[in-house]
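Presented below is the structure to which this report refers.
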Amino acid sequence: MFENADLMTAIITPFNDEGTEINYQALEKLTNHLLETGTKGFVIGGTTGETPTLTEEEKLTLYTRFAEIVDGRVPIIAGAGSNNTQGTIDFVQKLSKINGIDMALVVVPYYNKPNQRGMKAHFEAVADATDMPIVIYNIPGRTGVLMEKETVVELSKYPHIDGVKQCNTMADLQYIVENTSDDFLVYSGEDAQALFAKVIGANGVISVASHLFGKEMSEMFSKLENGDYKGAGALQRFLTPKMAACFMYPSPSPIKAVLNDQGYNVGVTRLPIVPLNDSEKAKLYNALDLEEAKS
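Counted from 1, the sequence shown has number 352 at position 251 by this note's numbering; the numbering is strictly sequential.
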């Protein structure tokens with residue numbers, strides 16, 4: 102299922118112009134565009150999907166409708182975690198009933214600041230309560246705590262914990278790849294690590310930049326597979342500053358600004374994230390080298 106899913110897109114959640122409802126027509130249009138430009142799998146309801154602003158009902162409906170849109174063409178991982186262990190268990194159990202969702206993305210608990218033993222107990226409790234495969238979401242820049250690489254490796258041996266989205270150093274990513282089994286999915290959540298992840302044997306990257314640069318990222322991986330290392334490296338160097346620009350303002354406001362200008366009608370961001378103003382858009386387009394989009 103995930104054998105060829107090296108470029109996974111953490112897809113945005115399109116809203117209407119008021120931000121009050123999810124725009125499923127826009128979601129379908131964007132999904133098909135991403136599949137046509139190299140995306141081989143999706144994370145729905147992640148950070149880029151503004152999940153903290155979605156109600157439980159919105160998330161369950163979004164995941165159901167998205168699975169119908171994708172219709173088995175590529176694998177889907179759906180965001181399911183919180184800093185409440187029992188709440189996470191309850192939601193994963195509901196998620197497991199949705200046809201077409203392959204794995205649950207469970208974030209390391211934020212705000213509570215558990216230690217390594219607490220993190221381990223949290224994930225084991227969730228895994229014990231479901232047969233649904235779980236992907237650890239290790240993103241210390243947002244959670245305020247880091248799951249140490251050794252803890253990730255320990256949890257990789259636990260039933261139903263089948264992967265990690267790792268947003269930390271290249272050294273930690275390398276350690277996890279080296280010390281987990283071949284069937285444990287390892288993805289970098291850092292766009293700038295995309296080529297490095299593939300070279301060291303990770304499954305690939307869960308990307309935000311692929312909304313805008315999917316063709317180039319897919320070409321980069323293709324060049325690597327065909328032994329054109331210099332060509333792949335040149336593409337990563339070309340992409341890295343553009344990947345950084347996608348985060349020059351709170352995500353996903355940069356991505357939504359560009360997609361709206363490209364005609365995908367993905368709407369506004371929900372508070373507390375605000376849409377870009379004209380000055381911010383001008384700086385973003387300059388960084389992305391999208392001069393023609395300024396008008």
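C-beta: ideal position from N, C-alpha, C; glycine also. Note that the coordinates shown come from a computational prediction; the quantities given were computed from them, not determined experimentally.
On the three-state DSSP scale, how would you describe A179?
Taking the first residue of the sequence shown as 1, we reach residue 179 at position 78. Three-state result, A179: strand.
Output the distance between the C-alpha atoms of D107 and V144, rounded to the nearest integer angstrom.
Numbered from its first residue, the sequence shown carries residue 107 at position 6. Numbered from its first residue, the sequence shown carries residue 144 at position 43. Roughly 13 Å between the two C-alpha positions.
Is the shortest distance between the beta-carbon of E291 and the beta-carbons of chain B less than 7 Å?
Annotation note: the requested chain B is absent from the structure, which comprises a single protein chain.
Enumerate in chain order the residues of its own chain whose CB-to-CB distance from V208 is below 6 Å, with the five nearest sequence positions on each side excluded.
Here residue 208 corresponds to residue number 107 of the sequence shown, with the count starting at 1. Hits under 6 Å: G182 and Y238.
Same chain only: Cβ atoms within 7 Å of I202, ignoring 5 sequence neighbours per side:
Along the sequence shown, one-based indexing puts residue 202 at 101. Closer than 7 Å at the Cβ level, and outside the excluded window around I202, lie Y164, A168, I177, A179 and L196.
Any chance the segment 284-292 sits against the segment 303-322, with 3 or more Cβ pairs inside 8 Å?
yes
CA-to-CA distance, N124 to F224, given in whole angstroms:
Sequence index remark: in the sequence shown, residue 224 carries index 123 (1-based). Sequence index remark: in the sequence shown, residue 124 carries index 23 (1-based). The straight-line gap from Cα to Cα measures roughly 33 Å.
Kindly identify the DSSP beta-bridge partner or partners of N239.
In the sequence shown, residue 239 corresponds to position 138, counting from 1. Paired residue(s): Q267.
Reduced DSSP category for G139 - H, G, I as helix; E, B as strand; rest coil
Along the sequence shown, read from residue 1 onward, the residue named residue 139 stands at position 38. Coil.
Okay, do the segment 148-167 and the segment 115-131 touch, 3+ Cβ pairs below 8 Å being the bar?
yes
Using the beta-carbon count (16 or more within 10 Å), is Y350 buried or exposed?
Residue 350 sits at position 249 when you count from the first residue of the sequence shown. Label assigned to Y350: buried.
When burial is assigned at 16 or more other CB atoms within 10 Å of the CB, is K324 buried or exposed?
Here the question's residue 324 lines up with position 223 in the sequence shown. K324 should be labelled buried.
Starting from M248, trace the alpha helix (DSSP H) in both directions and tell me its first and last residue.
Within the sequence shown, the letter at position 147 stands for residue 248. It is not in any alpha helix (DSSP H) - M248 carries neither H nor E in the DSSP assignment.
Using the rule of at least 16 other Cβ atoms within 10 Å of the residue's Cβ for burial, across every protein chain shown, is L450 buried or exposed?
The question about residue 450 has no answer here: the residues shown for the chain are numbered 102 through 396.
What first and last residue would you give for the beta strand (DSSP E) that runs through M233?
Position 132 of the sequence shown, counted from the first residue, corresponds to residue 233. From DSSP, M233 is part of no beta strand (DSSP E); its letter is neither H nor E.
To which residues of the same chain is S308 closer than 6 Å at the C-beta, ignoring the five residues directly before and after it?
Position 207 of the sequence shown, counted from the start, is the residue given in the question as residue 308. Cβ within range, chain order: T110 and D292.
Beta-bridge pairing of M109 - partner residues as DSSP gives them:
Counted from its first residue, the sequence shown places residue 109 at position 8. M109 pairs with G142 and I307.
Beta-carbon gap between G409 and F116 smaller than 7 Å:
This structure cannot speak to residue 409, because the chain is shown only from 102 to 396.
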